[in-house]
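S.K.: Numbering (UniProt numbering), first residue to last: 1 to 695. Ideal placement from N, C-alpha and C gives every residue a C-beta, glycine not left out. Quick caveat, the model's predicted, so the values are computed rather than measured. What follows is a structure written as structure tokens; I'll ask about it next.
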């Protein structure tokens, strides 16, 4: 009788290693021990929650099981028999939070010869245009890996696909990628994340189910995510490893400029080191303002659109994919300004600096942002966080309410983010007074805890955090060689704005001109919406996204410089405006009319001012000369004393009336009368001088 094996057995692990060595020769050292264990458990159809640092090779968990099934099914005699059925057409489902991550997984899978499909709206539409029945293709197991977002799982197509006998019999696993967002996003703006577990357990009952993330805090967060995915019992294994990044330095600084403003001068010194940088922003609108600031900080000899790019969810998939490709291949592209769309799972090994303007919503998000830098372990990365003063104040205020001996293995007390306005874990991090790295290790309970919770100096970390540098008076020059400037010396440096320039609005238009421009663009926006809203690509698009406020502001700021169709096309391409090809000529016509109107009014106003100035000068030339000051008449000699009582009374009465006329009336309300400030008269000054000379 043939003995069947588990993949977790020593022989099973050897089989996994041999297959990896055969099919993935680029992994010279093969699988790491922390990868081998969860992969074997997934192949044995267990439930796994795998928590480890960004860049630690989590993608191997859905790549290797596919390769193992393909290899064994094609060469059954070379390998022993296993307790689980081996599939000839193995299929894995990965549930990803963003379409950017979905496309990135497909791209990475292709490097290992695995055919994958990202089930995004754009890819579905492209398949329909090509007359491909993508639902049928997936149901017949034409793809080994299908990446889908949780919202699509509620559609009729995903009732048909799991009900297909071929698909159901070949599915080997369901994976929740970036599992921490099940709670973070599922409890707020994307409730479909809370239904992932019911889909996987209900529709794929005979498959392995696992979650992966770098940022899942212990306590209630872990318990909630695991319960949502249906993890329980002896068939579930939780693996928590350290998510510390030894090759990345943490720098926390106060943001010196308003986060709602137009100028961000703190960026310039970092960017002038010419290191590939990702700038994280919380909103697309803030991203446009940062883009505009950097746009204006480059000299006219440089094309800013080649040096700086935006990455956000509204941009087309092709544009975002091109941005990642250029990051890795184009030495001229230095800066990418990105929203949350770049936060989870997307990476380019050339990025060495992660720079956050403002705090993320949670500590998980903040750490995910920093995880985009230093993916190449041979490089030294920097995670720079510029925090507004108001956020630091909120953090310190909330941190004061925490008990002195806070047990972080049980998570944070339920203080309520809405009441405090900040995530408790993030407040704990910003209020840290000793070491930022040790603080994060305490929050995530990284093992070995006793070693990893030491400060950077005691733990002998190569790149101490900014807090440890400040406490131990470690100069930046000590690690200057590790953060050397990029070898690309051809990059022209950004020009730091002067104090006057930074205070002046970037727009060249006056306030009435801006109002006129907004009015014209509002009329155009209505026409644009009426023309494009019923087209297939934009049928479900919200009206504010047709001509976003951020794009309107950008156009107004550059209106007088958009003199050619090419200059407008370059601007629209840089922001990935979805109507660029169909509306660029019409928009340029509107802007040309608007620009001509503004310039004509300026010329007319200038002409009127010149005529007014000329007329005023003419009046001054024809004005009569001032008459000489006539000498004051001599004062009469004093009158003799009055003897007639009648005349005396009359004179006294006359003087009283005169005094009454000259006396200022008392103000209403009984308030004391204010003394008038005497205004010196030239004639009186002259009299005093004459009197002084006569003495």
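Using only alpha-carbon positions, find the residue among 572, 509 and 48 that is nearest to residue 239.
M.R.: Ranking the options by Cα distance to residue 239, first place goes to 48.
S.K.: Going by C-alpha to C-alpha distance, which of 248, 285 and 540 sits closest to residue 378?
M.R.: The shortest C-alpha separation from residue 378 is found at 248.
S.K.: Name the DSSP beta bridge partners of residue 433, please?
M.R.: In DSSP, residue 433 forms no bridge with anything.
S.K.: Using DSSP's beta-bridge definition, name the partner residues of residue 356.
M.R.: According to DSSP, residue 356 bridges with 280 and 385.
S.K.: Excluding five sequence neighbours on each side, which residues of the same chain lie with their C-beta closer than 8 Å to the C-beta of residue 253?
M.R.: Hits under 8 Å: 266, 384, 385, 386, 387 and 466.
S.K.: Would you call the segment 143-155 in contact with the segment 187-203, where contact means no fewer than 3 C-beta pairs closer than 8 Å?
M.R.: Yes, since at least three Cβ pairs between the segment 143-155 and the segment 187-203 fall closer than 8 Å, the two stretches touch.
S.K.: Report the residue ranges of all beta strand (DSSP E) runs contained in full by the segment 562-606; include only those spanning at least 3 residues, in chain order.
M.R.: Within the segment 562-606, no complete beta strand (DSSP E) run reaches 3 residues.
S.K.: Whole angstroms is fine: what's the gap from residue 290's alpha carbon to residue 356's?
M.R.: Going from the Cα of residue 290 to the Cα of residue 356 covers about 11 Å.
S.K.: Please confirm if the segment 65-75 is in contact with the segment 84-99, defined as three or more CB-CB distances below 8 Å between the two stretches.
M.R.: They touch, by the three-pair rule.
S.K.: Suppose the cutoff is 6 Å on Cβ atoms and the five residues either side in sequence are ignored; what does the same chain contact list for residue 696 look like?
M.R.: The requested residue 696 is not part of the displayed model; the chain covers only 1 to 695.
S.K.: Which of helix, strand or coil does DSSP assign to residue 212?
M.R.: Note: residue 212 maps to strand in three-state DSSP.
S.K.: Looking at the secondary structure, which residues open and close the alpha helix (DSSP H) in which residue 270 lies?
M.R.: From DSSP, the alpha helix (DSSP H) with residue 270 extends over 267-271.
S.K.: 8 Å is my cut-off, CB to CB: does residue 146 come that close to chain B?
M.R.: In the displayed structure, chain B is absent; only one protein chain is listed.
S.K.: Please classify residue 576: is it buried, with 16 or more other beta-carbons within 10 angstroms of its beta-carbon, or exposed?
M.R.: Classification of residue 576: buried, given that the 10 Å Cβ count is 16 or more.
S.K.: Does DSSP classify residue 492 as helix, strand or coil?
M.R.: Note: residue 492 maps to coil in three-state DSSP.
S.K.: Look at the Cβ atom of residue 323, then the Cβ atom of residue 336, and state whether they are nearer than 8 Å.
M.R.: Taking 8 Å as the Cβ cut-off, residue 323 and residue 336 qualify as a contacting pair.
S.K.: Taking the C-alpha atoms as reference points, what is the distance between residue 31 and residue 461?
M.R.: About 26 Å.
S.K.: Considering Cα atoms alone, identify which of 284, 280, 191 and 293 is closest to residue 496.
M.R.: Of 284, 280, 191 and 293, the residue nearest in Cα terms is 293.
S.K.: Tell me the DSSP secondary structure of residue 539 in three-state form.
M.R.: If DSSP states are grouped into helix, strand and coil, residue 539 belongs with coil.
S.K.: Tell me the DSSP secondary structure of residue 309 in three-state form.
M.R.: Residue 309 falls in the strand class under three-state DSSP.
S.K.: Tell me the residue span of the beta strand (DSSP E) that contains residue 106.
M.R.: Unbroken run through residue 106 is the alpha helix (DSSP H), 99-110; no beta strand (DSSP E).
S.K.: With a cut-off of 8 Å on the beta carbons, I'd call residue 208 and residue 45 a contact; round off their distance for me.
M.R.: About 5 Å; that satisfies the 8 Å criterion.
S.K.: Counting C-beta neighbours from all protein chains within 10 Å, is the total for residue 472 16 or more, i.e. buried, or is it exposed?
M.R.: With fewer than 16 other Cβ atoms within 10 Å, it is exposed.
S.K.: Please classify residue 159: does DSSP put it in a helix, a strand, or coil?
M.R.: Residue 159 falls in the helix class under three-state DSSP.
S.K.: Can you name, in chain order, every residue of its own chain whose Cβ lies under 8 Å from the Cβ of residue 236, other than the five neighbours on each side?
M.R.: These residues qualify, in order along the chain: 46, 47, 48, 49 and 226.
S.K.: Once DSSP output is grouped into helix, strand and coil, what is the label at residue 428?
M.R.: Of the three classes helix, strand and coil, the one that applies to residue 428 here is helix, per DSSP.
S.K.: Around the C-beta of residue 369, are 16 or more other C-beta atoms found within 10 angstroms, so that it is buried, or is it exposed?
M.R.: Answer is buried; the Cβ neighbour count reaches 16.
S.K.: Which whole-angstrom value is the C-beta distance of residue 301 and residue 492, which I expect to be below 8 Å?
M.R.: Between residue 492 and residue 301 the Cβ distance is about 7 Å, and since that is below 8 Å, they are a contact.
S.K.: Assuming residue 214 contacts residue 54 (C-beta within less than 8 Å), just tell me the rounded distance between them.
M.R.: Confirmed, Cβ separation roughly 5 Å.
S.K.: Should the segment 340-349 be called in touch with the segment 360-369, which here means at least 3 C-beta pairs below 8 Å?
M.R.: Contact holds: three or more Cβ-Cβ distances are below 8 Å.
S.K.: Under three-state DSSP, which class holds residue 465?
M.R.: In the structure shown, residue 465 sits in coil (DSSP, three-state: anything other than H, G, I, E or B).
S.K.: To which residues of the same chain is residue 441 closer than 8 Å at the C-beta, ignoring the five residues directly before and after it?
M.R.: Answer for residue 441: 242, 244, 449, 452 and 453, listed in chain order.
S.K.: Apart from the five residues on each side of it in sequence, which residues of its chain come closer than 7 Å, Cβ to Cβ, to residue 464?
M.R.: Cβ within range, chain order: 456, 457 and 474.
S.K.: Taking only the alpha-carbon atoms, compute the straight-line gap between residue 697 and residue 605 and give it to the nearest angstrom.
M.R.: Since the first residue shown for the chain is 1 and the last is 695, residue 697 is missing from the structure and cannot be characterised.
S.K.: Since I believe residue 146 is in contact with residue 117 (beta carbons under 8 Å), could you give me their beta-carbon distance rounded to a whole number of angstroms?
M.R.: With 8 Å as the limit, residue 117 and residue 146 qualify as a contact, their Cβ atoms being about 6 Å apart.
S.K.: Can the beta-carbon of residue 398 be found closer than 8 Å to that of residue 424?
M.R.: Yes; because the gap between Cβ atoms is below 8 Å, this pair is in contact.
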